[in-house]
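Heads up, the thing below is written out as structure tokens.
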């Protein structure tokens, strides 16, 4: 078997020209393939960065904290969630130390999701399609309530939280 010497390109520009040795090359098609690969890599990196930042679940883009005008009612929640994945809701209510407290959760709160856990366990009543939870402020005048919720359906959920004479409304997007 005889070896065919490979011809050397005369100029670097010829390196990206079409050749027929050792195989037929079509550089125009190869350049298109390279552009598509670079575009695919950029899209993939963009999706990974957006996912890490919290657009699809927990993260800096998703975590949100709301407070009433006087600061007596505060809510921490995730703006984005996934169906079948639980998410947390932290509500803080401020008032007189040792005084009774009531928190009302309305909107799509119970209509499109279920309560997985409620900490600390408190007495609750049905309230206008939502939930009224009763408790007591601690010695610092704060009452913290931690809920773990599981969405039942995808879509935009609207919430209303009332307590200490204040109300906060917010929404959450649940991905399928």
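In my numbering, the protein residues as written are 24 to 199.
By construction, the Cβ of each residue, glycine as well, lies at the ideal position given by its N, Cα and C atoms.
All values derive from a computational prediction rather than experimental measurement.
Mapping the DSSP letters down to three states, classify residue i as helix, strand or coil.
i           : result
residue 87  : strand
residue 60  : helix
residue 158 : strand
residue 139 : strand
residue 153 : strand
Short of 8 Å in beta carbon distance, which residues of its chain neighbour residue i, apart from the five on each side in sequence? Order them along the chain.
i           : result
residue 198 : 79, 103, 104, 105, 106 and 177
residue 133 : 152, 153 and 154
residue 189 : 91, 92, 93, 95 and 96
residue 49  : 41
residue 145 : 156, 157, 158 and 168
For residue i, count neighbouring C-beta atoms within 10 Å of its own C-beta (all shown protein chains included) and say buried if the count is 16 or more, exposed if not.
i           : result
residue 85  : buried
residue 195 : buried
residue 55  : exposed
residue 63  : exposed
Got a sec? Which residues, its chain only, sit under 6 Å from residue i by beta carbon, not counting five neighbours each side?
i           : result
residue 139 : 109, 171 and 173
residue 122 : 160
Are three or more beta carbon pairs between the segment 164-181 and the segment 65-75 nearer than 8 Å? no
Taking three-plus beta-carbon pairs below 8 Å as touching, is the segment 76-94 in contact with the segment 138-151? no
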